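Per this note's numbering: the sequence shown = residues 35 to 486. Where a beta carbon is used, it is the ideal one built from N, C-alpha and C, also for glycine. A quick note: this is a predicted structure, and the numbers were derived from the prediction, not measured.
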Amino acid sequence: MGHTLRPVLISTGSMVGPVVRIAPNEYSVDDPAAAKIIYGSGRGFTKSPWYHASGNPISPLPNIFVEPNPHIHAQARRKVAAAYSMTNLIQLEPFIDNCSAVLRSRLEEFSRSGATVEISHWMQCYAFDVIGMMTLGKRFGFLDSGEDIQGIMSSLSQYLVYCANVGVFPEWHKTLFRRQMRSKTVSGLSHVREFANAQLEEKREKVETDEEAYGNAAEDFVTKFLRLQAQDPEKITDADISSVCNTNIGAGSDTTSISLTSIIFNLIKHPRVLQQLRAEIQDHESRGTVSDPITFAEANKLPYLQAVIKEGLRMHPATGLSLGRVVPPDGATLAGQYFPPGTVVGINAWVAHANTKVFGHDAHLFRPERWLDYPELVKEREAYFMTFGQGSRTCLGKNISLMELSKAVPQIVRHFDFAPDTESGEPEYVTENVWFVKIREFHCKVYSRQGR
Numbered sequence: 035m036g037h038t039l040r041p042v043l044i045s046t047g048s049m050v051g052p053v054v055r056i057a058p059n060e061y062s063v064d065d066p067a068a069a070k071i072i073y074g075s076g077r078g079f080t081k082s083p084w085y086h087a088s089g090n091p092i093s094p095l096p097n098i099f100v101e102p103n104p105h106i107h108a109q110a111r112r113k114v115a116a117a118y119s120m121t122n123l124i125q126l127e128p129f130i131d132n133c134s135a136v137l138r139s140r141l142e143e144f145s146r147s148g149a150t151v152e153i154s155h156w157m158q159c160y161a162f163d164v165i166g167m168m169t170l171g172k173r174f175g176f177l178d179s180g181e182d183i184q185g186i187m188s189s190l191s192q193y194l195v196y197c198a199n200v201g202v203f204p205e206w207h208k209t210l211f212r213r214q215m216r217s218k219t220v221s222g223l224s225h226v227r228e229f230a231n232a233q234l235e236e237k238r239e240k241v242e243t244d245e246e247a248y249g250n251a252a253e254d255f256v257t258k259f260l261r262l263q264a265q266d267p268e269k270i271t272d273a274d275i276s277s278v279c280n281t282n283i284g285a286g287s288d289t290t291s292i293s294l295t296s297i298i299f300n301l302i303k304h305p306r307v308l309q310q311l312r313a314e315i316q317d318h319e320s321r322g323t324v325s326d327p328i329t330f331a332e333a334n335k336l337p338y339l340q341a342v343i344k345e346g347l348r349m350h351p352a353t354g355l356s357l358g359r360v361v362p363p364d365g366a367t368l369a370g371q372y373f374p375p376g377t378v379v380g381i382n383a384w385v386a387h388a389n390t391k392v393f394g395h396d397a398h399l400f401r402p403e404r405w406l407d408y409p410e411l412v413k414e415r416e417a418y419f420m421t422f423g424q425g426s427r428t429c430l431g432k433n434i435s436l437m438e439l440s441k442a443v444p445q446i447v448r449h450f451d452f453a454p455d456t457e458s459g460e461p462e463y464v465t466e467n468v469w470f471v472k473i474r475e476f477h478c479k480v481y482s483r484q485g486r
């Protein structure tokens, strides 16, 4: 199912219309007006039971991603939302710069050695270390070793497979979850918890004994929440802090690495776009309006860069399954069809982003210029941009991902060239849809642009 669902849904939708039945009581909908109803705040559509398998049925820890009750979700989200605001995240730029410097050093090594690099693996190493720095103030060390430390990556992948499949039969989750947690395939997740708990306790002690010194430095998520907890223990609990750690690390590494890999792939595949992006960066370099490393504020002022990022996210959204919601008690009419209460409906970002009425007749092509088109058209496309979800359930880590991409993409393309290491000479990869649409087997040679 994972490898074929997207083309099947797109081709089926083009033949029969915007509504496709994908399960006995579930429908995939491709309609911009329906998106506003399904995901709009206060509309009464709750997350489908499929999401239950992504939660821990035997843990009292809150889970913002899984929580179906909109009121409980809103309350839990309010507790932590300020930390994910762009205003706060800007303060964490040094953490990204730290990891970017290590990534650059590793890519320079590969350039000198002539080694073939599996791009998706190294982008995940980078994303894991960045989210470790931003969340815990310490890198996991993936960029240093280049290996899957303690099986963390493979364990997370196995857990995603579990969530995607068991979500279809949520009534079995509690039974199967206990068995899953005893298996060796998720041992890496235990290492993540141990690593996070060790950093948590170390930081708790520093916050209590060295508050003034810490106040002068960039504060990672855990430090910020520990400081808030010290001010008001009832507002931020240990459970809240653990939940933030789990959410950031569990979702923040795969999604960003997938997006970054997809953008690199498309830039290699489309030299014209790469050339235009470099020209924009070089123009700003000559005017002294971008630094090295580039700041997020500077990157935001590069319109073609932002269009490239947006187009990469459109062409390869990180999530590859329908964002299912349960129709409320009054029923709903979507895309001209009535759905009774209890029906599961949802929109798949891969299908939505192939909608030619919204994104143009060339929606199947990577063309960043579509985001620099007439303002009315861009506004319409923005409204049906599903990469981070929509409404009150929009991905909490959206700003983290956008900041990482805005800083990483220009640094990579200004310092390195990539040549596909394939028989065809064209960039190639394979994908696996395990809720996140992972990219595998993307092999390239790396060449430093130093002195060019």
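Collapsed DSSP secondary structure at residue i in the structure displayed
| i | result |
| --- | --- |
| F419 | coil |
| R111 | helix |
| R312 | helix |
| S154 | helix |
| H477 | strand |
| K344 | helix |
| A369 | coil |
| E457 | coil |
| G166 | helix |
| R55 | strand |
| K208 | helix |
| K81 | strand |
| S62 | strand |
| F203 | coil |
| A247 | Since pLDDT at A247 reaches only 49, below the 50 mark, its modelled position is unreliable, and the value read off the structure follows with that caveat. Helix, per DSSP. |
| G222 | helix |
| T465 | strand |
| P363 | coil |
| V241 | helix |
Cα-Cα separation, residue i to residue j
| i | j | result |
| --- | --- | --- |
| P454 | A442 | 20 angstroms |
| R321 | I315 | 10 angstroms |
| L194 | L260 | 29 angstroms |
| I292 | V256 | 25 angstroms |
| N433 | L137 | 21 angstroms |
| S440 | T289 | 15 angstroms |
| G51 | D64 | 8 angstroms |
| F529 | E152 | An answer regarding residue 529 cannot be provided, because it is not within the stretch 35 to 486 covered by the chain. |
| A105 | R427 | This sequence places His at residue 105; Ala is not what is there. Between H105 and R427, the C-alpha separation is close to 12 angstroms. |
| P204 | A198 | 10 angstroms |
| G89 | K335 | 39 angstroms |
| R474 | H155 | 8 angstroms |
| R140 | R448 | 16 angstroms |
| G423 | S119 | 17 angstroms |
| S458 | G148 | 19 angstroms |
Outcome for residue i when other beta-carbon atoms lying within 10 angstroms are tallied against a minimum of 16
| i | result |
| --- | --- |
| L399 | exposed |
| Y274 | The sequence shown places Asp at residue 274, rather than the Tyr named in the question. Classification for D274: buried. |
| G201 | buried |
| H209 | Inspection of the sequence shows that residue 209 is occupied by Thr rather than by His. Its Cβ having fewer than 16 others within 10 Å, T209 is exposed. |
| W206 | exposed |
| H350 | buried |
| T421 | buried |
| E246 | Note on E246: pLDDT 41, under 50, position unreliable in the model; no value is reported. |
| T121 | exposed |
| T323 | exposed |
| N103 | exposed |
| R348 | buried |
| N300 | buried |
| R212 | exposed |
| N382 | buried |
| A68 | buried |
| G376 | exposed |
| V342 | buried |
| P128 | exposed |
Cut-off 8 angstroms between Cβ atoms - residues of its own chain near residue i, not counting five sequence neighbours on either side
| i | result |
| --- | --- |
| R359 | I72, Y73, F79, T80, K81, S82, V378, V379 and G380 |
| T456 | E462 and H477 |
| A397 | H387, A388, N389 and T390 |
Residues of its chain near residue i, where Cβ-Cβ distance is below 7 angstroms and the 5 sequence neighbours each way are ignored
| i | result |
| --- | --- |
| S287 | Q158, A161, F162 and I165 |
| V392 | P66, E414, R415 and Y418 |
| L95 | A273, S276 and S277 |
Within-8 angstroms CB hit, residue i to chain D
| i | result |
| --- | --- |
| Y418 | The chain inventory of the structure shown lacks chain D, comprising one protein chain alone. |
The ligand MN heavy atom lying under 7 angstroms from the CB of residue i
| i | result |
| --- | --- |
| S356 | The ligand MN is absent from the structure shown, which contains no ligand whatsoever. |
Residues of its chain near residue i, where Cβ-Cβ distance is below 6 angstroms and the 5 sequence neighbours each way are ignored
| i | result |
| --- | --- |
| R55 | Y61 |
| K472 | E466 |
| I98 | A110 and R111 |
| W84 | G201 and G358 |
| R173 | D163, G166 and M167 |
Item to complete: Can you check the region 250-299 for any alpha helix (DSSP H) of at least 4 residues that lies completely inside it and give the ranges in chain order?
Response: 255-265
Fill in: 3 or more residues per run - each beta strand (DSSP E) lying fully within the region 398-455
450-454
Practice prompt. Write down every uninterrupted run of the beta strand (DSSP E) in the region 177-201 whose length is 3 residues or greater and which is fully enclosed by it, in chain order.
Written response: Here no run is fully enclosed.
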